[in-house]
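Student: Chains A and B supply the protein sequences, listed in that same order. All the letters of the first sequence, read from the start, carry residue numbers 1 to 77 under this note's numbering. All the letters of the second sequence, read from the start, carry residue numbers 78 to 154 under this note's numbering. Following this message is one structure expressed as structure tokens.
There are 2 protein chains.
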Amino acid sequence: MKARVTVTLKSGVLDPQGKAIEGALRGLGVAGIDGVRQGKLFEIEVADGVDAEATLKEACERLLANTVVENYRVEVL
Amino acid sequence: MKARVTVTLKSGVLDPQGKAIEGALRGLGVAGIDGVRQGKLFEIEVADGVDAEATLKEACERLLANTVVENYRVEVL
Numbered sequence: 001m002k003a004r005v006t007v008t009l010k011s012g013v014l015d016p017q018g019k020a021i022e023g024a025l026r027g028l029g030v031a032g033i034d035g036v037r038q039g040k041l042f043e044i045e046v047a048d049g050v051d052a053e054a055t056l057k058e059a060c061e062r063l064l065a066n067t068v069v070e071n072y073r074v075e076v077l
Numbered sequence: 078m079k080a081r082v083t084v085t086l087k088s089g090v091l092d093p094q095g096k097a098i099e100g101a102l103r104g105l106g107v108a109g110i111d112g113v114r115q116g117k118l119f120e121i122e123v124a125d126g127v128d129a130e131a132t133l134k135e136a137c138e139r140l141l142a143n144t145v146v147e148n149y150r151v152e153v154l
């Protein structure tokens, strides 16, 4: 089955990459953007018969997210 | 208002980063993962009174996505 994992910075954690994107958009003349924060997205194919929620939680805790500064969300589609 | 933009590789485009993550998960003993594709996520704050959909479409076309190899999706929250 398919699942989607999103990893985002916790609020309060500085995001220089997002700031750079915001500046670049302003430089390109794209008006009306007040803030950008960048995260990561993983589209994952999980084998049938596996507990997707538990497997992906383990994958996030051990590899995909740095839980000190990042939150993650698992959605089984 | 808040919006979320996701940028993913088009199907058929190789994703070596996703393959590396898949291999790393296998190496860590996380079983049951058949495939990983990595994308990008942008959480964007759009000023009030701005056409968020149109502004973000322009941002994607001009900066956030490489439309030759990537698809993007805009969700106004």
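Positions of the beta carbon are idealized from the N, C-alpha and C atoms, including for glycine. Just so it is clear, the structure is predicted and the values come from calculations on it, not from any experiment.
My output table needs one value for GLY27/A: the three-state DSSP class, helix, strand or coil.
Tutor: Note: GLY27/A maps to helix in three-state DSSP.
Student: Per DSSP, what are the beta-bridge partners of ASN148/B in this structure?
Tutor: ASN148/B is bridged to THR85/B.
Student: Taking the alpha-carbon positions, what's the ALA124/B to ASP48/A distance?
Tutor: Computed Cα separation, rounded: 44 Å.
Student: Can you tell me where the alpha helix (DSSP H) holding LEU56/A begins and where it ends?
Tutor: Run containing LEU56/A: 52–59, per the alpha helix (DSSP H) assignment.
Student: Could you please tell me which residues of the region 96–113 of chain B, in chain order, have their CB closer than 8 Å to any CB of chain A?
Tutor: Listed by position along the chain: ILE98, ALA101, LEU102, LEU105, VAL107, ALA108, GLY109, ILE110, ASP111, GLY112 and VAL113.
Student: Tell me the residue span of the beta strand (DSSP E) that contains GLY49/A.
Tutor: Where GLY49/A is concerned, there is no enclosing beta strand (DSSP E), given that its DSSP letter is neither H nor E.
Student: From this set, ALA80/B, LEU141/B, LYS79/B and LEU86/B, which residue's C-alpha is nearest ASN148/B's C-alpha?
Tutor: Minimum Cα distance to ASN148/B is reached at LEU86/B.
Student: Find the residues of chain B that neighbour GLU78/A, judging by a C-beta separation of less than 7 Å, and give them in chain order.
Tutor: Because residue 78/A is not part of the residues shown, which for chain A are 1 to 77, the question remains open.
Student: Along chain A, which residues have their Cβ under 8 Å away from the Cβ of THR132/B?
Tutor: Near THR132/B (Cβ distances below 8 Å), the residues of chain A are VAL30, ALA31, GLY32 and ILE33.
Student: Taking DSSP as the reference, what is the three-state secondary structure of ALA3/A?
Tutor: In this structure, ALA3/A counts as strand in the three-state DSSP scheme.
Student: Under the criterion of a Cβ to heavy atom distance below 8 Å, does THR85/B qualify as lining the ligand COA?
Tutor: Although the ligand COA was asked about, the structure shown includes no ligands whatsoever.
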